[in-house]
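Data block below; observations after.
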Amino acid sequence: MRRPIVAGNWKMHGTRDSVAKLIKGLRDLALPSGVEVAVFPPSLYINQVIEGVGKVIAVGAQNSAIEPEQGALTGEIAPSQLADAGCKLVLVGHSERRQIIGESEAVLIRKFAAAQACGLTPVLCIGETLEEREAQKTLEIVGRQLDSIIDALGIEVFANAVIAYEPVWAIGTGLTATPQQAQDVHEAIRKQLAAKNAEVAQNTRLLYGGSVKAANAAELFGMPDIDGGLIGGASLNADEFGAICRAAGN
Ligand code: 13P
């Protein structure tokens with residue numbers, strides 16, 4: 101049985117004040133015991149969040165360096181430093197970093213490997229644009245993004261990784277993939293893993309992300325290959341986030 105995960109990606113949101121309020125809201129939540137809950141605050145607030153809720157909620161980073169250990173790399177944070185701070189996870193390949201920052205597959209491969217080398221669990225984000233979906237290229241694009249990591253690092257790395265399918269057209273738009281659309285892609289991802297290693301495929305958690313809210317979470321999480329969610333906007337509201345976590349527990 102795969103244990104569901106609900107993770108909140110706060111993106112570039114927050115101030116010391118608003119983060120303190122969100123921490124308080126998270127502390128007050130009644131979280132379901134069978135669900136792993138994680139949040140990804142901006143790096144600046146990671147210590148504050150770990151001190152505030154780190155005992156019940158795993159904390160991850162939204163980004164980390166291509167090199168595992170500290171060194172001369174201005175502006176970056178080494179995965180070993182994140183691990184030292186108490187982080188457990190790190191996002192790799194979020195579409196905002198692929199598209200807006202311009203991170204290449206070569207960079208993502210290095211970030212993924214460096215994170216794992218420091219004991220962090222990478223959450224690999226993959227997904228197609230609207231243009232690619234309309235051109236019927238969804239499975240090709242997602243398949244290629246996944247293969248890029250498998251080809252470079254081997255299938256075994258997914259024994260300690262999570263995959264998040266986030267269709268770019270559903271991120272922050274209010275347009276959610278239908279449960280069936282999401283399930284179709286998740287099923288294809290699991291088949292792709294299974295072609296290399298059945299056990300890894302069976303155990304890897306596949307999260308859906310893209311305009312998940314309390315109102316649509318239960319339906320999405322009810323699909324057989326959807327093992328939880330990566331939540332953007334709705335994770336900035338503790339009550340809404342708590343309701344999404346409970347939907348994953350049912
Ligand atoms: P939204 O939930 O705001 O659509 O964002 C999804 C996302 O990008 C999570 O990483």
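When we follow the numbering used here, the leftmost residue of the sequence shown carries the number 101, and every step to the right adds one.
We put the CB at the ideal spot given by N, CA and C, even for glycine.
- Separation of A252 and A348 (C-alpha to C-alpha, rounded to the nearest whole angstrom) is 32 Å.
- The set of residues whose C-beta lies within less than 6 Å of a heavy atom of the ligand 13P reads, in chain order, N109, H194, E266, I271, G272, G309, G310, S311, V312, L330, I331, G332, G333 and A334.
- Across the structure, A264 and E167 are spaced so that their CA atoms are roughly 23 Å apart.
- Contact annotation: A165 and A214 have beta-carbon atoms nearer than 8 Å.
- The region 127-173 is shown to contain whole alpha helix (DSSP H) runs of 4 or more residues at 146-153, in chain order.
- One Cα belongs to E266, the other to S204, and the distance between them is close to 17 Å.
- Per DSSP, T221 is not a residue of any alpha helix (DSSP H); the beta strand (DSSP E) it occupies stretches across T221 to I226.
- In its chain, beyond the 5 residues on either side, A178 have a beta carbon closer than 8 Å to the beta carbon of G171.
- Listed in chain order, the non-local C-beta contacts of F321 below 6 Å within the same chain comprise A347 and A348, local neighbours out to five positions each way being set aside.
- Taken through DSSP and simplified to helix, strand or coil, A264 comes out as strand.
- Between the region 280-297 and the region 323-335, the count of C-beta pairs closer than 8 Å reaches three or more; the two stretches touch.
- Residue burial is scored here from C-beta neighbours: R103 has fewer than 16 other C-beta atoms within 10 angstroms and is therefore classed as exposed.
- In the DSSP assignment, I250 falls within the unbroken alpha helix (DSSP H) covering T238 to L253.
- When the beta-carbon positions are compared, A301 and L307 stay at least 8 Å from each other.
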